[in-house]
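Undergrad: Protein chains in written order, with the working numbering: chain S, 260 to 425; chain Z, 260 to 425.
C-beta atoms are modelled at their ideal positions from N, C-alpha and C, and glycine is treated no differently.
Please read these numbers as outputs of a predicted model, since none were measured by experiment.
Okay, here's the structure, questions in a sec.
There are 2 protein chains.
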Amino acid sequence: MQEDDRALLFGVFNEIAIIDQLGRAQLEATLPKGLIAAHFTVLNHLMRVADGRTPVELARAFQLPKTSVTHTVGALAKRGLVDVRPNPNDRRSKCVWLTDAGRKLRNDTITAMAPDFAALVAAIDPQKLLGILPVLRELRAFMDHRRNAEPPRDRPLDATGTAPSG
Amino acid sequence: MQEDDRALLFGVFNEIAIIDQLGRAQLEATLPKGLIAAHFTVLNHLMRVADGRTPVELARAFQLPKTSVTHTVGALAKRGLVDVRPNPNDRRSKCVWLTDAGRKLRNDTITAMAPDFAALVAAIDPQKLLGILPVLRELRAFMDHRRNAEPPRDRPLDATGTAPSG
DNA sequence: ACTAAATAGTACGAAACCGTACTAAATACA
DNA sequence: TGTATTTAGTACGGTTTCGTACTATTTAGT
Numbered sequence: 260m261q262e263d264d265r266a267l268l269f270g271v272f273n274e275i276a277i278i279d280q281l282g283r284a285q286l287e288a289t290l291p292k293g294l295i296a297a298h299f300t301v302l303n304h305l306m307r308v309a310d311g312r313t314p315v316e317l318a319r320a321f322q323l324p325k326t327s328v329t330h331t332v333g334a335l336a337k338r339g340l341v342d343v344r345p346n347p348n349d350r351r352s353k354c355v356w357l358t359d360a361g362r363k364l365r366n367d368t369i370t371a372m373a374p375d376f377a378a379l380v381a382a383i384d385p386q387k388l389l390g391i392l393p394v395l396r397e398l399r400a401f402m403d404h405r406r407n408a409e410p411p412r413d414r415p416l417d418a419t420g421t422a423p424s425g
Numbered sequence: 260m261q262e263d264d265r266a267l268l269f270g271v272f273n274e275i276a277i278i279d280q281l282g283r284a285q286l287e288a289t290l291p292k293g294l295i296a297a298h299f300t301v302l303n304h305l306m307r308v309a310d311g312r313t314p315v316e317l318a319r320a321f322q323l324p325k326t327s328v329t330h331t332v333g334a335l336a337k338r339g340l341v342d343v344r345p346n347p348n349d350r351r352s353k354c355v356w357l358t359d360a361g362r363k364l365r366n367d368t369i370t371a372m373a374p375d376f377a378a379l380v381a382a383i384d385p386q387k388l389l390g391i392l393p394v395l396r397e398l399r400a401f402m403d404h405r406r407n408a409e410p411p412r413d414r415p416l417d418a419t420g421t422a423p424s425g
């Protein structure tokens, strides 16, 4: 483990943090007032993957505490962008379904961002982006896996600290 | 602008968002209780770049609203990790200086993360990371530049919406 | 079947984050 | 020099985020 590697990793994480920041800002600039990236992320996931996910599934997908997801889903429900219904297979649980309004909002947002995307693709060769994607996936997979295979340290997947035990 | 490109961009931003999430979680797991990534980021920046930055310079560096930085710096000051002193060149302004405790905390944190870093470098060829870094920089630079060159939309650099005017 | 452990979700409170509105100081420019 | 604009920072309030603690249900182990 060289000093160089350390600088490299800091560099990578630093760029990633700022890109995330800028991407979120840009997304939120196109969302209707009152909605933020967290809300869109849920709508988008429900559409890309599938309707009817449970809040815990969402929390796992985004690596967020389930209390945060509850809050976000609640906000979406209050705006009529999703429906939260009981899970027929598990009476503890619920399922989150998109409404027509939710689907429309997601699609409209993507449409509205098209020029941004086009500008980006015009400025940066998509081949380059395509090239980094596998490395990003590998990096994500490693960190994700390591998180689940780690020692005692508190782990925020389940906020109660119950998770590690088994 | 192809459908494929859209999926590609979504993929890239999605991975970036989750890597950021996981990286933050890992960093916070090694920080002393009560300190979060935002705090460390400031300490690290002051040490990597230079002491004596003003809050606004920090806000620009991290692409965050200045009110957020005020809050973060205030917390660091209360813990004695930085000193906030008047800016001799500008009586509106202040400068943020590291204390010995602040420097020590930053260094200790990096030391504590060394095994994590080593594991990452062992699992993922550093050459790959080195390879994506320029693309990440390019992506960041593009988004950053575009943000500053953009139309009317509210821009969260200065939260007052004063910024665009000139 | 019965008990213990794990899991899904919520309530609650604290901290972070950020937009608006303000004050004070510096800068632009006429 | 004098006035208008820009800039640095703060006060304040609302929302997000998240850790802790709790209830209800399911799953595992005997």
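(1) Residue 432(S) and residue 356(S) look like a contact to me (Cβ under 8 Å); what is the Cβ gap, rounded to whole Å?
(2) So for residue 308(S), helix, strand or coil by DSSP?
(3) Does residue 306(S) have its Cβ less than 9 Å from a Cβ in chain Z?
(4) Since residue 270(S) meets chain Z, which of its residues come closer than 7 Å, beta carbon to beta carbon?
(5) Which of the three DSSP states is assigned to residue 255(Z) in this structure?
(6) Starting from residue 327(S) and walking both ways along the beta strand (DSSP E), at which residues does that stretch end?
(7) Put residue 263(S) into one of helix, strand or coil per three-state DSSP.
(8) Could you tell me the distance, in whole angstroms, from the CA atom of residue 274(Z) to the CA atom of residue 396(S)?
(9) Considering only their Cβ atoms, is the gap separating residue 385(Z) from residue 267(S) smaller than 9 Å?
(10) Checking contacts by CB at 9 Å: is residue 405(Z) closer than that to chain S?
(11) Quick check on the DSSP output: the beta strand (DSSP E) that includes residue 357(Z) runs from which residue to which?
(12) With 9 Å set as the bound, which would you pick, yes or no: does the beta-carbon of residue 295(Z) sit closer than that to a beta-carbon of chain S?
(13) Residues in the same chain with beta-carbon distance under 6 Å from residue 328(S), minus the five sequence neighbours each way, listed in chain order, please.
(14) Who are residue 343(Z)'s beta bridge partners in DSSP?
(15) Indicate whether residue 372(S) and residue 280(S) have their beta-carbon atoms separated by less than 9 Å.
(16) Does the distance from the C-beta atom of residue 276(S) to that of residue 287(S) stay below 9 Å?
(17) Between residue 380(Z) and residue 264(S), which are expected to be in contact by the criterion C-beta below 8 Å, what is the C-beta distance as a whole number of angstroms?
(18) Alpha carbon to alpha carbon, how far is residue 350(S) from residue 323(Z)? Give it in angstroms, no decimals.
(19) Determine, for residue 380(Z), whether the minimum Cβ-Cβ distance to residues of chain S falls below 9 Å.
(20) Going along chain Z in order, which residues have a C-beta closer than 8 Å to the C-beta of residue 299(S)?
(21) Determine the direct distance from the alpha carbon of residue 393(Z) to that of residue 360(Z), and round the result to whole angstroms.
(22) Is residue 262(Z) buried or exposed, if buried means 16 or more other CB atoms sit within 10 Å of its CB?
(23) Taking the straight line between their C-alpha atoms, what separation do you get for residue 345(Z) and residue 353(Z)?
(24) For residue 300(Z), count neighbouring Cβ atoms within 10 angstroms of its own Cβ and tell me buried if that reaches 16, exposed if not.
(25) Could you say which of 302(S), 270(S), 272(S) and 269(S) lies nearest to residue 369(S) if we only look at CA atoms?
(26) Is residue 304(Z) near residue 334(Z), with beta carbons less than 9 Å apart?
(27) Between residue 271(S) and residue 364(S), is the Cβ-Cβ spacing less than 9 Å?
(28) Less than 9 Å separating the beta-carbons of residue 332(S) and residue 320(S)?
(29) Given this structure, state the Cα-to-Cα distance separating residue 306(S) from residue 362(S), to the nearest angstrom.
(30) Quick one: using the 10 Å Cβ neighbour count with 16 as the cut-off for buried, is residue 282(S) buried or exposed?
(31) Along chain S, which residues have their Cβ under 8 Å away from the Cβ of residue 282(Z)?
(32) Of all the CB atoms in chain S, is at least one closer than 9 Å to the CB of residue 348(Z)?
(33) Interface residues of chain S around residue 316(Z) at Cβ under 7 Å?
TA: According to the structure shown:
(1) A query on residue 432(S) cannot be resolved here, the shown segment of chain S reaching from 260 to 425 and no further.
(2) In this structure, residue 308(S) counts as coil in the three-state DSSP scheme.
(3) The beta carbon of residue 306(S) does not come within 9 Å of any beta carbon belonging to chain Z, so the residue lies off that interface.
(4) Think of a sphere of 7 Å around the beta carbon of residue 270(S): the chain Z residues whose beta carbon falls inside it are 392, in chain order.
(5) Beyond the ends of chain Z as shown, which are 260 and 425, falls residue 255(Z); an answer cannot be given.
(6) Here residue 327(S) belongs to no beta strand (DSSP E); instead the alpha helix (DSSP H) covers 325 to 337.
(7) Correct three-state label for residue 263(S): helix.
(8) Straight-line spacing of the CA atoms in residue 274(Z) and residue 396(S) works out to 6 Å.
(9) The Cβ atoms of residue 267(S) and residue 385(Z) sit closer than 9 Å to each other.
(10) Chain S contact via Cβ: present.
(11) First-last of the beta strand (DSSP E) with residue 357(Z): 349 to 357.
(12) At a cut-off of 9 Å between C-beta atoms, residue 295(Z) does not count as an interface residue with respect to chain S.
(13) Cβ within range, chain order: 314, 317 and 318.
(14) In the DSSP assignment, residue 343(Z) is bridged to 355(Z).
(15) In this structure, residue 372(S) lies away from residue 280(S), with their beta-carbon atoms at least 9 Å apart.
(16) No, Cβ-Cβ distance for residue 276(S) and residue 287(S) is not below 9 Å.
(17) Residue 380(Z) to residue 264(S), Cβ: 5 Å. Contact.
(18) Roughly 42 Å separates the two Cα atoms.
(19) True, the Cβ-Cβ gap to chain S drops below 9 Å.
(20) Within chain Z, not a single residue places a beta-carbon under 8 Å from that of residue 299(S); the smallest gap is close to 11 Å.
(21) C-alpha separation (whole angstroms): 34 Å.
(22) With fewer than 16 other beta carbons inside 10 angstroms of its own, residue 262(Z) counts as exposed.
(23) In this model, residue 345(Z) and residue 353(Z) are separated by some 4 Å (Cα to Cα).
(24) Buried, by the Cβ-count rule.
(25) Closest by alpha carbon: 302(S).
(26) No, they are not a contact pair.
(27) Here residue 271(S) is not near residue 364(S), since their CB atoms are 9 Å or more apart.
(28) Their beta carbons are not under 9 Å apart, which means residue 332(S) does not touch residue 320(S) by this criterion.
(29) Answer to the nearest angstrom: the Cα atoms are 7 Å apart.
(30) By the 10 Å Cβ count, residue 282(S) comes out buried.
(31) Neighbours of residue 282(Z) on chain S, chain order: 272, 275, 276 and 402.
(32) Nearest CB-CB separation between residue 348(Z) and chain S: not below the 9 Å threshold.
(33) None at all; the shortest Cβ gap to chain S is about 15 Å.
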